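>
Residue numbers (the UniProt record's numbering): 1 to 424.
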């Protein structure tokens, strides 16, 4: 397989090749043939035997006819001597075709060619070299080409590239300690993977990045570039995400859903209503129930037939008694139920001027400040503070509407109703 590693100068090509290609092959017991400036002393002894550093080509230079004629005269050449061509490592077919094979897998060596555009230029690559690349799989060999631009490399070889790795230092993102790697299907295919890799200093000892100097130098960094994650829009977005997560974890359901909020409010109201009872006994209100009699002081404003016997002893007590919420209205027992877990529960009816106006439950009276004490299914003791004490009974008044056939507010009897048609 032929792969290519592209990147600008200082973009991390040598680091990527050493850390993720050469060391991986050596750890798998595979021979590596390369012209990268590796430091052999940093490798274990067993891996040194699998490393072959190529500094000169095994091929023979071919004579190049010197220029002659008018151009040679302008340059001062006599045009009589032939100049030998410069042979770079991996520019001749003799630099390939190593006979090494892995004892178990049978794989051939891995060729790692740095700055391959010098050995395999776009124009001038030897035909036999291009022919070897087209037949390299017959030797079970793999090749990793390293260059700055694939446009400088022989087109016939570029067309054989399977995977293209593009690396670039993340200086534009405000970081000089990482680089961006993109994996591409061929040099013209789609990008299938993108990752950010940080430089690990433990790999620096295996190679020398600066071949023209004995010491590494510090590159000029872009000091005015703010990292992406330190920009205010990114910080604000992160804070919004945190607040949204807190809201979603603290509030059940979706707080932005109006229908869900309405359903939750309805559920709360339903929970506030009396729970279902296991055994229920309902007492219907009779038409002529006895009037409730008070115990203790009576609230002024209540009906005289309900609280006549509880006259107050002083004007101050009467004034305090008049402050309970339903003063001036009659309170009657309209229903009763017994719940095994909650005890006895009452349904009360409020009346005014002899007309029922509202229905209340015992717990609603309790929320209004009253204390309800069960006496019987048809009677309950009601207290409000220390001044108001009275009994509520099944004495709910009834009012029957008759269209012109009523006497003193009472319906006409059955006899009168039967006699009416006979008279006509």
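Every residue, glycine too, gets a C-beta built ideally from N, C-alpha and C.
The model shown is predicted, which means the values in this text are computed figures rather than measured ones.
Using 10 angstroms around the beta-carbon of residue 9, count the other beta-carbons present and answer buried if the total reaches 16, otherwise exposed.
On the chain shown, residue 9 is found 9 positions in, with the first residue counted as 1. By the 10 Å Cβ count, residue 9 comes out exposed.
> If contacts are defined as beta-carbon pairs under 8 Å, then residue 107 and residue 140 qualify, I think. What distance do you get, rounded to the angstrom?
For the purposes of this step, residue 107 is identified with residue 107 of the chain shown, where counting begins at 1. For the purposes of this step, residue 140 is identified with residue 140 of the chain shown, where counting begins at 1. That pair is a contact at about 5 Å.
> Rounded to whole angstroms, what is the Cα-Cα separation between residue 110 and residue 158?
To locate residue 110, count along the chain shown from 1; it is residue 110. To locate residue 158, count along the chain shown from 1; it is residue 158. Approximately 18 Å between the Cα atoms of the pair.
> Counting along the chain, where does the alpha helix (DSSP H) carrying residue 250 start and finish?
Here residue 250 corresponds to residue number 250 of the chain shown, with the count starting at 1. Here the alpha helix (DSSP H) through residue 250 covers 232 to 250.
> Between the C-alpha atoms of residue 196 and residue 33, what's the straight-line distance to the nearest angstrom?
Here residue 196 is taken as the residue at index 196 of the chain shown, counted from 1. Here residue 33 is taken as the residue at index 33 of the chain shown, counted from 1. Residue 196 and residue 33: Cα-Cα distance of roughly 28 Å.
> What residue range is occupied by the uninterrupted alpha helix (DSSP H) comprising residue 157?
On the chain shown, position 157 is the one that residue 157 refers to. Counting along the chain, the alpha helix (DSSP H) containing residue 157 begins and ends at 155 to 158.
> Which full runs of the beta strand (DSSP E) of 3+ residues lie inside the stretch 13 to 60, going along the chain?
Counting only runs of 3 or more, we get 32 to 34, 51 to 53.
> Among all the DSSP beta bridges, which residues are the ones paired with residue 164?
Taking the first residue of the chain shown as 1, we reach residue 164 at position 164. Paired residues: 4, 184.
> Give the secondary structure of residue 206 by DSSP, where H, G and I count as helix, E and B as strand, and everything else as coil.
As a position in the chain shown, residue 206 is number 206, starting the count at 1. Collapsing the DSSP output to three states places residue 206 in a helix.
> Using CA coordinates, which residue listed in 343, 375, 348, 199 is at the minimum distance from residue 364?
Walking along the chain shown from the start, residue 364 turns up at place 364. With distances taken between Cα atoms, residue 364 lies closest to 348.
> For residue 142, which residues in the same chain have their Cβ closer than 6 Å to its Cβ, ignoring the five residues on either side in sequence?
To locate residue 142, count along the chain shown from 1; it is residue 142. Closer than 6 Å at Cβ, skipping near neighbours: 1, 110.
> Output the distance between the C-alpha atoms of residue 38 and residue 188, rounded to the nearest integer angstrom.
Counting from 1 along the chain shown, the entry for residue 38 is found at position 38. Counting from 1 along the chain shown, the entry for residue 188 is found at position 188. Between residue 38 and residue 188, the C-alpha separation is close to 31 Å.
> Can you say whether residue 232 is buried or exposed, counting buried as having 16 or more other CB atoms within 10 angstroms of its CB?
Position 232 of the chain shown, counted from the start, is the residue given in the question as residue 232. Exposed, by the Cβ-count rule.
> Counting only the same chain and skipping the five closest in sequence on each side, list residues whose C-beta sits under 8 Å from that of residue 147.
Along the chain shown, read from residue 1 onward, the residue named residue 147 stands at position 147. For residue 147, where only same-chain residues beyond five positions count, the Cβ hits under 8 Å are 4, 5, 6, 115, 116, 117, 153.
> Which residues does DSSP pair with residue 359 in a beta bridge?
The count along the chain shown starts at 1 and reaches residue 359 at position 359. Note: residue 359 sits in a beta bridge opposite 349.
> What are the partner residues of residue 389, as DSSP defines its beta bridges?
As a first step, residue 389 must be located in the chain shown, where it is residue number 389. Beta-bridge pairing links residue 389 to 383.
> In terms of residue numbering, what span does the beta strand (DSSP E) encompassing residue 195 cover?
Working through the chain shown from its first residue, we reach residue 195 at position 195. Unbroken beta strand (DSSP E) run through residue 195: 191 to 198.
> With a Cβ-Cβ cutoff of 9 Å, do residue 380 and residue 325 count as a contact?
Counted from its first residue, the chain shown places residue 380 at position 380. Counted from its first residue, the chain shown places residue 325 at position 325. No, the pair does not count as a contact, with Cβ atoms beyond the cut-off.
> Using beta-carbon positions only, say whether residue 15 and residue 207 come within less than 9 Å of one another.
Translated into positions along the chain shown, residue 15 becomes position 15. Translated into positions along the chain shown, residue 207 becomes position 207. Inclusion of residue 15 and residue 207 in the CB contact set at 9 Å is warranted, their separation being smaller than that value.
> How would you call residue 40, buried or exposed, if buried means at least 16 neighbouring beta carbons within 10 angstroms?
Within the chain shown, residue 40 is the residue found at index 40, counting from 1. Residue environment analysis places residue 40 among the exposed positions, since fewer than 16 neighbouring C-beta atoms fall within 10 angstroms of its C-beta.
> Over the uninterrupted alpha helix (DSSP H) stretch that includes residue 131, give me the two end residues.
Reading the chain shown from its first residue, position 131 is the one you call residue 131. Here the alpha helix (DSSP H) through residue 131 covers 127 to 134.
> Give me the residue from 353, 247, 362 with the minimum Cα distance to residue 398.
Locating residue 398 in the chain shown gives position 398, counting from the first residue. The candidate whose alpha carbon is nearest that of residue 398 is 353.
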